[in-house]
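S.K.: Numbering (the working numbering), first residue to last: 192 to 495.
#1: With a threshold of 7 Å on Cβ separation, who are the neighbours of residue 413 within its own chain once the five nearest residues in sequence on each side are excluded?
#2: Whole angstroms are fine: how far does the CA of residue 353 sit from the CA of residue 481?
#3: Report the residue from 304, 407, 400 and 204 whose alpha carbon sits nearest the alpha carbon of residue 394.
#4: Straight-line CA distance for residue 367 to residue 485?
#5: Would you say the stretch 373-393 touches the stretch 414-430, given that touching needs at least three Cβ pairs under 8 Å?
#6: Answer yes if the stretch 223-236 comes into contact with the stretch 193-205, meaning at least three C-beta pairs across the two stretches below 8 Å, and no otherwise.
#7: Tell me, please, which residues DSSP counts as bridged to residue 348.
#8: Hey, quick one: how far does the alpha helix (DSSP H) through residue 399 stretch, first residue to last?
#9: State the start and end residues of the unbroken beta strand (DSSP E) segment that holds residue 328.
#10: Rounded to whole angstroms, what's the CA-CA distance from residue 309 to residue 204? Just pull it up for me.
#11: Can we say the stretch 313-333 touches the stretch 367-379, given the rule of at least three CB pairs closer than 8 Å?
#12: Mind listing, in chain order, the continuous alpha helix (DSSP H) runs of no fewer than 4 residues lying wholly within the stretch 353-441?
#13: If we count Cβ pairs, one from each stretch, closer than 8 Å, do we get three or more for the stretch 344-362 versus the stretch 442-461?
#14: Using 10 angstroms around the beta-carbon of residue 270, count the other beta-carbons present and answer buried if the total reaches 16, otherwise exposed.
#15: Let me know the secondary structure DSSP gives residue 447 once reduced to three states.
#16: Going straight from the alpha carbon of residue 473 to that of residue 287, what length do you get?
#17: Excluding five sequence neighbours on each side, which residues of the same chain lie with their C-beta closer than 7 Å to the C-beta of residue 335?
#18: Which of the three DSSP states, helix, strand or coil, is assigned to residue 287?
#19: Which residue wins for smallest C-alpha separation from residue 225, given the options 443, 235 and 214?
#20: I need the straight-line Cα distance from residue 297 to residue 460, nearest angstrom please.
#21: Whose C-beta lies closer than 6 Å to the C-beta of residue 440 among residues of the same chain, with five residues either side of it excluded?
#22: Check residue 489 in the structure and name its three-state DSSP category.
#23: What number of angstroms, rounded off, separates the C-alpha of residue 256 from the C-alpha of residue 239?
#24: Within a Cβ cutoff of 7 Å, which residues of the same chain sit near residue 434, ignoring the five residues on either side of it in sequence?
#25: How big is the Cα-Cα spacing for residue 251 and residue 267?
#26: Which residues in the same chain as residue 438 place their Cβ atom closer than 7 Å to its Cβ, once the five residues preceding and following it in sequence are excluded?
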């Protein structure tokens with residue numbers, strides 16, 4: 192059996208696999224790229240197998256590296272959970288809290304919960320990661336995730352916040368004056384629509400519902416984007432009609448830069464949820480964040 196590698200070498204290897212970059216992994220770990228490269232050569236020597244394919248521009252795991260990474264992810268997560276149990280014996284919560292979510296949801300947390308949380312718990316380092324794809328928070332080492340309620344996996348515990356949510360159809364006043372306001376979803380076929388490309392590469396379909404009638408449309412449009420805020424900005428430039436989360440559209444609607452359309456076809460749904468694995472030990476930093484989230488949301492609910 193080969194010599195057992197150090198935990199720091201394995202952590203470094205996983206950072207490289209995650210970022211597909213020595214430079215980005217080195218930045219995360221606070222090391223120089225040359226030091227990281229030296230560590231990986233030592234790890235490969237210790238294990239007696241090549242783990243990474245390197246070029247001048249990229250790095251990717253070999254088949255052996257992929258297999259090792261797939262086994263290390265749950266193992267390192269289990270180790271983190273084991274160490275987190277010790278936090279229960281500290282007088283104040285400390286450590287790193289990692290939360291994954293879509294950009295609008297993370298932005299909302301930064302605007303509402305995060306300032307108070309960091310002021311209350313300065314010993315906790317908060318790592319917020321925005322991601323447009325549905326991430327397996329357990330497999331990828333996150334303490335919690337944020338999604339709309341309908342998308343939260345059933346085996347997770349969810350903490351709702353922020354009130355109800357919906358997608359809204361919006362356009363600039365100038366666009367609607369020139370092209371007219373659609374009255375039904377079918378009218379969108381005669382408009383310029385700003386489409387959204389998902390991380391999977393698929394185009395996001397626009398979904399509407401009224402009086403039990405559901406309509407799903409692959410809208411036409413010359414402009415396709417992959418970022419919600421950019422879509423909102425494009426709509427303010429009279430480039431077409433956008434279909435956005437209310438959370439993203441609200442600031443533009445409030446100042447009149449965008450106007451709603453098809454409001455009676457845009458139903459409300461369950462809002463945002465912070466969720467985490469119910470079978471896992473809840474680390475004190477996450478418990479502290481949940482308590483702060485609930486308190487801030489209770490105060491905000493008075494104004495909603």
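C-beta: ideal position from N, C-alpha, C; glycine also. As the structure is a computational prediction, the values presented were derived from the model and not from experiment.
M.R.: According to the data block:
#1: 383
#2: 13 Å
#3: 407
#4: 40 Å
#5: yes
#6: yes
#7: 467
#8: Here residue 399 belongs to no alpha helix (DSSP H); instead the beta strand (DSSP E) covers 397-401.
#9: No beta strand (DSSP E) holds residue 328; DSSP gives it neither H nor E.
#10: 30 Å
#11: no
#12: 364-370 and 419-427
#13: yes
#14: exposed
#15: coil
#16: 13 Å
#17: 290, 328, 465, 466, 467 and 477
#18: strand
#19: 214
#20: 19 Å
#21: 359 and 361
#22: helix
#23: 12 Å
#24: 358, 360 and 397
#25: 20 Å
#26: 295, 299 and 356
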